[in-house]
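Note sheet for the following structure.
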Amino acid sequence: KQEVTQIPAALSVPEGENLVLNCSFTDSAIYNLQWFRQDPGKGLTSLLLIQSSQREQTSGRLNASLDKSSGRSTLYIAASQPGDSATYLCAVKTSYDKVIFGPGTSLSVIP
Amino acid sequence: GAVVSQHPSWVICKSGTSVKIECRSLDFQATTMFWYRQFPKQSLMLMATSNEGSKATYEQGVEKDKFLINHASLTLSTLTVTSAHPEDSSFYICSATEDSHRGYTFGSGTRLTVV
Chain A
1 KQEVTQIPAA LSVPEGENLV LNCSFTDSAI YNLQWFRQDP GKGLTSLLLI QSSQREQTSG
61 RLNASLDKSS GRSTLYIAAS QPGDSATYLC AVKTSYDKVI FGPGTSLSVI P
Chain B
1 GAVVSQHPSW VICKSGTSVK IECRSLDFQA TTMFWYRQFP KQSLMLMATS NEGSKATYEQ
61 GVEKDKFLIN HASLTLSTLT VTSAHPEDSS FYICSATEDS HRGYTFGSGT RLTVV
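Listed in order, the protein sequences are those of chains A and B. When you line the first sequence up against our numbering, it's residues 1 to 111, in that order. When you line the second sequence up against our numbering, it's residues 1 to 115, in that order.
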């Protein structure tokens, strides 16, 4: 059974810092991995999608890496801004076409 | 890009009543849609997979008779919470994908409060 964990559960950083969010999954047989952002009481916004054959994806200040063999993905946020404050979720798509979510990392960027 | 619309965004209902939530793919067809539930400060939990033209597939522990799913067309899936109780209060989100090689697009979610 696929399990997804995220570390840390919460993170508070001053504005301008670079930061890394971690995601781990127990079964390396994934189809893809997706990082989402969720603002309080809102739906999910897709940030980056990494296919199982890819190693990383970049979008603006965001960079996500994927190491399938070790069951890990990281989301790197450069030059953090207060507007980046949100909960970040990683999710893996399994071979059974299910998407399993991690518990999320709550990020606060302090002005 | 792919857009998924979910309605209503919030609803308050009395115990014992039923509530219907709609999920529409606006610019693509989705043979499969997914329904998730999220309790406060917890992650999303998959409730069921909605298949167009056939019965939904429910995850273990999800009551089929309580959470009725209908996928009547390639662009619409509905989730009906029947005989709602306060413990059903939660955030419900649907998702769909345009094709299996792409990521998933999520609706904006529905905040259900049962009083």
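Backbone N, C-alpha and C fix where the C-beta goes; we use that ideal spot for every residue, glycine too.
Please state whether DSSP places residue i in a helix, a strand or coil.
| i | result |
| --- | --- |
| A:Asp84 | helix |
| B:Lys66 | coil |
| B:Tyr104 | coil |
| A:Lys93 | strand |
| A:Thr58 | strand |
| B:Gln116 | The structure shown has nothing for residue 116 of chain B, since chain B only spans 1 to 115. |
| A:Asp27 | coil |
| B:Val115 | coil |
| A:Asn32 | strand |
| A:Pro14 | strand |
| B:Ala48 | strand |
| A:Ser52 | coil |
| A:Gln38 | strand |
| A:Gln6 | strand |
| B:Ser54 | coil |
What whole-angstrom Cβ distance do residue i and residue j have, given they're in contact under 8 Å?
| i | j | result |
| --- | --- | --- |
| A:Trp30 | A:Lys93 | The question names Trp, but residue 30 of chain A in the sequence shown is Ile. At roughly 6 Å, the Cβ-Cβ gap stays under 8 Å, so A:Ile30 and A:Lys93 are in contact. |
| B:Glu98 | B:His71 | The Cβ separation is near 16 Å, so there is no contact. |
| B:Val4 | B:Ser95 | 7 Å |
| A:Gly41 | B:Arg111 | 7 Å |
| B:Tyr92 | B:Ile21 | 6 Å |
| B:Ser18 | B:Val114 | With 8 Å as the limit, B:Ser18 and B:Val114 do not qualify as a contact, their Cβ atoms being about 11 Å apart. |
| A:Tyr76 | A:Val4 | No, A:Tyr76 and A:Val4 are not in contact; Cβ-Cβ is about 19 Å, not under 8 Å. |
In terms of DSSP beta bridges, what is residue i paired with?
| i | result |
| --- | --- |
| A:Val20 | A:Tyr76 |
| A:Asp67 | A:Arg72 |
| A:Val99 | A:Lys93 |
| B:Val117 | The first residue shown for chain B is 1 and the last is 115, placing residue 117 of chain B beyond what the model contains. |
| A:Leu47 | According to DSSP, A:Leu47 bridges with nothing at all. |
Just to make sure I have the definition right: I need the residues of chain E whose C-beta is within less than 9 Å of the C-beta of residue i. Which are they?
| i | result |
| --- | --- |
| B:Arg111 | Protein chains A and B are contained in the structure displayed, whereas chain E is not. |
Point to revise | Complete runs of the beta strand (DSSP E) confined to the stretch 72 to 100 of chain B [at least 3 residues] | key: Segments of the beta strand (DSSP E) lying fully in the stretch 72 to 100 of chain B: 76 to 81 and 90 to 96.
Point to revise | Ranges of the beta strand (DSSP E) found wholly within the stretch 7 to 46 of chain B, counting only runs of at least 3 | key: Qualifying beta strand (DSSP E) stretches, in chain order: 10 to 13, 19 to 25 and 32 to 38.
Review point. Pairing CB atoms from the stretch 74 to 82 of chain B with CB atoms from the stretch 23 to 32 of chain B, are three or more of them under 8 Å?
Key: Yes, since at least three Cβ pairs between the stretch 74 to 82 of chain B and the stretch 23 to 32 of chain B fall closer than 8 Å, the two stretches touch.
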